[in-house]
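A.B. asks: Mind having a look at this structure? Questions to follow.
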Amino acid sequence: MLLTRRMEFSASHRLEPEGTGFSHGHNYELEVTLQGHVDAETGMVIDLKELKDLMDREVGVRFDHRDLNDDTSWFSDQLPTAENFAQVIFQLLDGELPERLLARVRLSPTPDYTVEVAR
Amino acid sequence: MTVRVTRRYSFSAAHVLARPEWSEEKNRDVYGKCANAAGHGHNYELEVTVRGDVDPESGHVVPVERLDAVVRRRVLDLLDHRFLNHEVPDFASEVPTAENIARFVWRALKGELSPAVLDRVYLRETSNNSVEYSEEGG
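Protein sequence lines, in the order shown, are assigned to chains A and B. When we follow this note's numbering, the leftmost residue of the first sequence carries the number 1, and every step to the right adds one. When we follow this note's numbering, the leftmost residue of the second sequence carries the number 1, and every step to the right adds one.
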């Protein structure tokens, strides 16, 4: 069974390798998809509140209304492109979820541009 | 880890769905009102998905500007605001159904985005009709 939860957050970044210029921002849309068995008793793959809290904690608190280059530690040695950002988010969530439950992360900096990281 | 990048584009084009060698009755039978000889148009929505490794230097599977430039040059410049049957040579012999347009896009982009690989072409012809195409070795 696949289960997807979506959230939005806003962050700024700059992609010049030696960037000292100004950042620009995006309203990011994030879709997190889990693949797992439906618990016979609860009828759920995961408690959606638990997943929401996890996404808030691992993504919202760290990145919402932050500058990815200056306010976070993840992009000191790699550029905060959508590809790299999606991989960071995948790793953060994967580390907090039961093994192999996380199937896919989709990250859209704009409605016309989406990056997908799958296991 | 597999990384896929999807970019969305739009274009508008006219077409008529009919095979010249068929009778009007047969074209009408197969294609319905889409066979009206004067043609009709759609606002197409196109999604192009590529997959590959993230280049450690650029941080991209393929730089967005490069993807946009290739899609513009090889697809949008040829199809946007055209009458597909009359102005695009591929559709002189092939009926420009959504399926065939998606395959046209696949042929146009295949191998053009190396080292990234073409993963999927999605074409929405109307809000009710869409096709999705992929084949090995994009």
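Glycine is no exception: its CB is placed at the ideal position from the N, C-alpha and C atoms.
Determine the burial state of Thr6 of chain B: buried for a count of at least 16 other Cβ atoms within 10 Å of its Cβ, exposed for fewer.
C.D. replies: Answer is buried; the Cβ neighbour count reaches 16.
A.B. asks: Please state if the CB of Ile101 of chain B and the CB of Tyr31 of chain B are separated by a distance shorter than 9 Å.
C.D. replies: no
A.B. asks: Consult DSSP for His24 of chain A and reduce its assignment to one of helix, strand or coil.
C.D. replies: strand
A.B. asks: So who's on the other strand from Ser108 of chain A, going by DSSP bridges?
C.D. replies: A:Glu29
A.B. asks: Within 8 Å, do at least three Cβ pairs link the segment 113–128 of chain B to the segment 80–96 of chain B?
C.D. replies: no
A.B. asks: Pull up the distance between the alpha-carbon of Asn128 of chain B and that of Ser73 of chain A, whole angstroms please.
C.D. replies: 45 Å
A.B. asks: Using 9 Å as the limit for Cβ to Cβ distance, is Thr42 of chain A near chain B?
C.D. replies: Chain B contact via Cβ: absent.
A.B. asks: Of all the options A:Glu41, A:Arg5, A:Phe75, which has the alpha carbon lying nearest to the alpha carbon of Pro56 of chain B?
C.D. replies: Selection A:Glu41, A:Arg5, A:Phe75 evaluated against Pro56 of chain B yields A:Phe75 as nearest (Cα-Cα).
A.B. asks: Could you tell me which chain B residues have their CB closer than 7 Å to the CB of Asn84 of chain A, listed as they occur along the chain?
C.D. replies: Val54, Gly59
A.B. asks: Taking just the CA atoms, how far does Leu48 of chain A sit from Val152 of chain B?
C.D. replies: Given a span of 1 to 138 for chain B in the structure shown, any question on residue 152 of chain B remains unanswerable.
A.B. asks: Could you run through the segment 20–33 of chain A and flag, in chain order, every residue whose CB is less than 9 Å away from some CB of chain B?
C.D. replies: Per Cβ criterion, the list is empty.
A.B. asks: Residues of chain B with a CB under 8 Å from the CB of Gln35 of chain A: which are they?
C.D. replies: Neighbours of Gln35 of chain A on chain B: none; closest Cβ ~15 Å, over 8 Å.
A.B. asks: Please list, in chain order, the residues of the segment 83–115 of chain A that have any C-beta partner in chain B closer than 8 Å.
C.D. replies: Those residues of the segment 83–115 of chain A placed with their C-beta closer than 8 Å to a C-beta in chain B are Glu83, Asn84, Ala86, Gln87, Phe90, Pro111, Asp112, Tyr113, Thr114, Val115, ordered along the chain.
A.B. asks: For the beta strand (DSSP E) that Ser93 of chain B lies in, which residues bound it at each end?
C.D. replies: Per DSSP, Ser93 of chain B belongs to no beta strand (DSSP E); it is in the alpha helix (DSSP H), 90–93.
A.B. asks: So which of A:Phe22, A:Gly25, A:Leu30, A:Leu79 has the shortest CA-CA distance to Phe90 of chain A?
C.D. replies: A:Leu30
A.B. asks: Determine whether the Cβ of Arg7 of chain B lies closer than 9 Å to any Cβ atom of chain A.
C.D. replies: Yes - at least one Cβ of chain A is within 9 Å of the one on Arg7 of chain B.
A.B. asks: When we look at the beta-carbon of Gly59 of chain B and count the other beta-carbons within 10 Å, is it buried (16 or more) or exposed?
C.D. replies: buried
A.B. asks: Using 8 Å as the threshold, is the segment 123–138 of chain B in touch with the segment 66–77 of chain B, meaning 3 or more CB pairs across them?
C.D. replies: no
A.B. asks: Alpha carbons only, please: which of A:Arg5, A:Thr81, A:His65, A:His13 is nearest the one belonging to Leu54 of chain A?
C.D. replies: A:Arg5
A.B. asks: Give me the chain B residues within the contact set of Ala118 of chain A, using Cβ-Cβ distance strictly less than 8 Å, ordered along the chain.
C.D. replies: Met1, Thr2, Arg4
A.B. asks: Counting only Cβ pairs nearer than 7 Å, list the residues of chain B close to Thr4 of chain A.
C.D. replies: Going along chain B, no residue has its Cβ under 7 Å from Thr4 of chain A, so there is no contact; the nearest lies around 16 Å.
A.B. asks: Opposite Glu47 of chain B in the DSSP bridges: which residues?
C.D. replies: Listed as beta-bridge partners of Glu47 of chain B by DSSP are B:Arg8, B:Tyr122.
A.B. asks: Span of the beta strand (DSSP E) holding Phe9 of chain A?
C.D. replies: Counting along the chain, the beta strand (DSSP E) containing Phe9 of chain A begins and ends at 2–13.
A.B. asks: Does any residue of chain A bring its CB to less than 9 Å from the CB of Val117 of chain B?
C.D. replies: No, its Cβ sits nowhere closer than 9 Å to a Cβ of chain A.
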